[in-house]
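Since the structure comes first, as structure tokens, the remarks are kept for the end.
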DNA sequence: CGGAAACTACACCGTTCAGTGTAGTTGCAT
DNA sequence: ATGCAACTACACTGAACGGTGTAGTTTCCG
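Chains as they are written, first to last, in my numbering: chain A, 1 to 210; chain B, 1001 to 1210.
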């Protein structure tokens, strides 16, 4: 939300007005969902006339898809690509886990996820985009990494995609399952980070080479 | 959806009309969410006049809360209480995991979860109910069980609630994260069940007593 | 049969909303 | 200064929706 323009690189540099609209739409759509957010509210929140909104986006649906698509793509950042994969297995896993937990415990990203999930039935493409750019991408990259580790004999043989999925579940699940439903989580950021090491060590123990 | 009356035990035996309304509301609310579902649609789907709907439920909000509350309570069934906890650790875990995966891969329950998550911001109580009657309840029951196992020296010492949360994440996460966003999951029911044993064995290896 | 309760059909009210039409204003480039 | 494009303010349309009012019909029980 803070860095709208870098979320929409394909649109080139945004007009000031355009930026205001996108920013307002991000805020309202993630806070209230598609239906409850009206175009008048967007215009008001953006300090812009409704006509201007419609001069940049031809319909509410277009605005929603554009904005959500951009945020979904932005959800992947920072991605595992930005992780230093050259370290030893354990520190790579810790770093990956921190990335995941950081996202899952971020209230803004939680709101984004809730809106995406709630609108999946009406806007399946947005859900797909989110998955592809976010958790799905990371799952694939982790799986690639695990495959290498297995070849090098640093992890026991197993389906690397399944292992990656389980790693994600093990690390994110405890927080995500709860926060998605009960609004906010009991666990503080510090507690969350503290549990990461336990999770990583459990994972390592289970996947140690024979 | 198929067994509406056993989901609303507190309302006593339902009128035929009432059953039709509740059934229609369950279907539409889970398929389309709160806003998109209109009271006219509910009445039509229930083959009942709109006036009759309002003679049983005083407002759309009441109907939604009643129906969703009932379904959330129903989500907990069958609960871990129905599990045979007398078996050995591994078979208890397998049975629990089957329970979890069965729910997470059920399209009807997926739709319910999506609606609950999507409406959490507007109806926090429903989210709370879902958590308390569903995953939260199971987490507590698993934690109690793990506590016992630790006392008996069958599992290594650790925070039992965290372990329960990780077990849930490890087992449900791989499917849930994907299906929530991308609509349906690549994994077949058989694949899902096959992965359960791997997950349980990983968990057991990580939590083996020292 | 008779009468009350449940139910229907349908018109109706007030509001909200997506989207348009328009006349007028601002700001900027030549 | 002139002209043009972006922008605003605001009224407006047509449709949908939540909810109500009412007159008439069905159902069922004594």
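Ideal placement from N, C-alpha and C gives every residue a C-beta, glycine not left out.
Since the model is a prediction, treat every value here as computed from it, not as a measurement.
Check	Outcome
With 9 Å as the C-beta to C-beta threshold (strictly closer), list the residues of the segment 1098-1110 of chain B near chain A in chain order.	none
Over the uninterrupted alpha helix (DSSP H) stretch that includes residue 1100 of chain B, give me the two end residues.	1089-1104
Could you tell me whether any Cβ in chain B is nearer than 8 Å to the Cβ of residue 89 of chain A?	no
Quick one: using the 10 Å Cβ neighbour count with 16 as the cut-off for buried, is residue 1111 of chain B buried or exposed?	buried
Which two residues bound the contiguous alpha helix (DSSP H) that contains residue 233 of chain A?	In the structure displayed, chain A extends from 1 to 210; residue 233 of chain A sits before or after that span and is not available.
What number of angstroms, rounded off, separates the C-alpha of residue 1044 of chain B from the C-alpha of residue 1064 of chain B?	16 Å
Determine the direct distance from the alpha carbon of residue 1210 of chain B to that of residue 1160 of chain B, and round the result to whole angstroms.	16 Å
Assuming residue 1173 of chain B and residue 118 of chain A make a contact with CB atoms under 8 Å, what is their CB distance in whole Å?	That pair is no contact at about 20 Å.
What are the boundary residues of the alpha helix (DSSP H) that residue 72 of chain A is part of?	60-75
Could you tell me the distance, in whole angstroms, from the CA atom of residue 1212 of chain B to the CA atom of residue 1058 of chain B?	With chain B represented from 1001 up to 1210, any question about residue 1212 of chain B goes unanswered, as that position is not in the structure.
Taking residue 130 of chain A as the reference, give the member of A/157, A/37, A/66 with the closest Cα.	A/66
Round the Cβ separation of residue 1149 of chain B and residue 1099 of chain B to the nearest angstrom and send it over; I've been treating them as touching at under 8 Å.	No, residue 1149 of chain B and residue 1099 of chain B are not in contact; Cβ-Cβ is about 18 Å, not under 8 Å.
Under 8 Å, do residue 1167 of chain B and residue 1155 of chain B count as touching if we go by C-beta distance?	no
What in chain B is Cβ-close to residue 130 of chain A, meaning under 7 Å?	1181
Can you tell me whether residue 191 of chain A is buried or exposed, with buried defined as 16 or more other CB within 10 angstroms of its CB?	exposed
Measuring only the C-alpha atoms, how far is residue 1178 of chain B from residue 1020 of chain B?	33 Å
Quick check: what's the CA-CA separation for residue 175 of chain A versus residue 1120 of chain B?	16 Å
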